[in-house]
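Novice:
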Amino acid sequence: MTIEEKIAHIQGAAMEEARSQGNEIIKQHKRALESMYQTHCQEARIQADTRIKAETASARQQLNTAVSKGQLRIRRELGSVQQTLKNELFKEVMQMIEDYKKTEDYLKLLVSYISDAARFADGQPLMIYISASDEEKKDYLEQYTGMTVTISEEDFIGGVRSVIPGRNILIDHSFRGALEKEYQEYTFKGGAAGA
23 MTIEEKIAHI
33 QGAAMEEARS
43 QGNEIIKQHK
53 RALESMYQTH
63 CQEARIQADT
73 RIKAETASAR
83 QQLNTAVSKG
93 QLRIRRELGS
103 VQQTLKNELF
113 KEVMQMIEDY
123 KKTEDYLKLL
133 VSYISDAARF
143 ADGQPLMIYI
153 SASDEEKKDY
163 LEQYTGMTVT
173 ISEEDFIGGV
183 RSVIPGRNIL
193 IDHSFRGALE
203 KEYQEYTFKG
213 GAAGA
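In my numbering, the protein residues as written are 23 to 217.
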């Protein structure tokens, strides 16, 4: 072999070795880059999942807040409407009471209240009060029951209040007391027709 052939051979062997080392370096570099890429993708997925969870929790919290505010607003509106309806209902009841007080049945009711109170007093002193709005019925009631009837300074809408002073007993058959009790205890139930 000539020197030139030896040089060519050494040069070929060196080039082959250099190519082989270069290819190995490229493969190692490629593996390192792929590993970094996989790690980066995994971290990006974790961050994305974490962000999605945080955003979902935030959206749920905002939704819950909005729902709570909406429910509170609806409850207030419902309460306001119910109060308005309740007031209108009791205005109608008051009108019905006024109409009832003009009937013969109302006079009979007053007489029965007075008679019941007299029986309960069992001969003890008894004070009978009627509402100021029933003043025109005083003479009739006294004549019919034989009891002394006093006009109350307070207008208790209708009915009778009886007091047995010796026993500290008040018998309250006033419409105001019954109406106020009903007004305080009245609540709307259901909402459907007939409920």
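A virtual CB, placed ideally from N, CA and C, is assigned to each residue, including glycine.
Source: prediction; values computed, not measured.
Just the Cα atoms here: how many angstroms apart are aspartate 177 and serine 155?
Specialist: The residue given as residue 177 occupies position 155 in the sequence shown. The residue given as residue 155 occupies position 133 in the sequence shown. Rounded to whole angstroms, aspartate 177 to serine 155 spans 6 Å at the Cα level.
Novice: Taking Cβ to Cβ, would you say glycine 181 is nearer than 8 Å to tyrosine 135?
Specialist: Residue mapping note: residue 181 aligns to position 159 of the sequence shown, counting from 1. Residue mapping note: residue 135 aligns to position 113 of the sequence shown, counting from 1. Result yes, Cβ atoms of glycine 181 and tyrosine 135 sit closer than 8 Å.
Novice: Give me the DSSP bridge partner(s) of histidine 194.
Specialist: Along the sequence shown, read from residue 1 onward, the residue named residue 194 stands at position 172. The sequence as given places aspartate at residue 194; histidine does not occur at that position. In the DSSP output, where bridge partners are listed per residue, aspartate 194 has Arg183.
Novice: Just the Cα atoms here: how many angstroms apart are valine 245 and histidine 195?
Specialist: Nothing can be reported for residue 245, as the shown portion of the chain is limited to 23 through 217.
Novice: Which term fits arginine 41, buried or exposed, when burial requires 16 or more other beta carbons within 10 angstroms of its beta carbon?
Specialist: Along the sequence shown, read from residue 1 onward, the residue named residue 41 stands at position 19. Arginine 41 comes out exposed.
Novice: Buried or exposed for tyrosine 208, going by 16 or more other Cβ atoms inside 10 Å?
Specialist: Here residue 208 refers to the residue found at position 186 when the sequence shown is read from its first residue. When all chains shown are included, tyrosine 208 counts as exposed.
Novice: CB-CB under 6 Å to isoleucine 150, same chain, minus the five flanking residues each way: which ones, in chain order?
Specialist: As a working note, residue 150 is residue 128 in the sequence shown. Correct list, in chain order: Ile136, Met169, Val171, Ser184.
Novice: In whole angstroms, what separates the C-alpha of lysine 203 from that of glycine 92?
Specialist: Your numbering for residue 203 matches position 181 in the sequence shown. Your numbering for residue 92 matches position 70 in the sequence shown. In a straight line, the C-alpha of lysine 203 is about 33 Å away from that of glycine 92.
Novice: Looking at the secondary structure, which residues open and close the alpha helix (DSSP H) in which methionine 23 lies?
Specialist: Taking the first residue of the sequence shown as 1, we reach residue 23 at position 1. Where methionine 23 is concerned, there is no enclosing alpha helix (DSSP H), given that its DSSP letter is neither H nor E.
Novice: Determine the direct distance from the alpha carbon of isoleucine 47 to that of glutamate 38, and round the result to whole angstroms.
Specialist: What you label residue 38 is simply residue 16 of the sequence shown in a count that begins at 1. What you label residue 47 is simply residue 25 of the sequence shown in a count that begins at 1. Computed Cα separation, rounded: 14 Å.
Novice: Using CA coordinates, which residue listed in Glu114, Ile193, Asn109, Lys49 is at the minimum distance from leucine 148?
Specialist: If you number the sequence shown from 1, residue 148 lands on position 126. Comparing C-alpha distances from leucine 148 to each of Glu114, Ile193, Asn109, Lys49 shows the shortest one belongs to Ile193.
Novice: So, helix, strand or coil for threonine 72, using DSSP?
Specialist: For the purposes of this step, residue 72 is identified with residue 50 of the sequence shown, where counting begins at 1. Residue state, collapsed to three classes: helix.
Novice: What's the C-alpha gap between histidine 62 and isoleucine 68?
Specialist: In the sequence shown, residue 62 corresponds to position 40, counting from 1. In the sequence shown, residue 68 corresponds to position 46, counting from 1. Looking at the two C-alpha atoms, the distance is approximately 10 Å.
Novice: Can you tell me whether isoleucine 152 is buried or exposed, with buried defined as 16 or more other CB within 10 angstroms of its CB?
Specialist: Within the sequence shown, numbered from 1, the residue matching residue 152 stands at position 130. The residue in question, isoleucine 152, is buried, as its Cβ has 16 or more Cβ neighbours within 10 Å.
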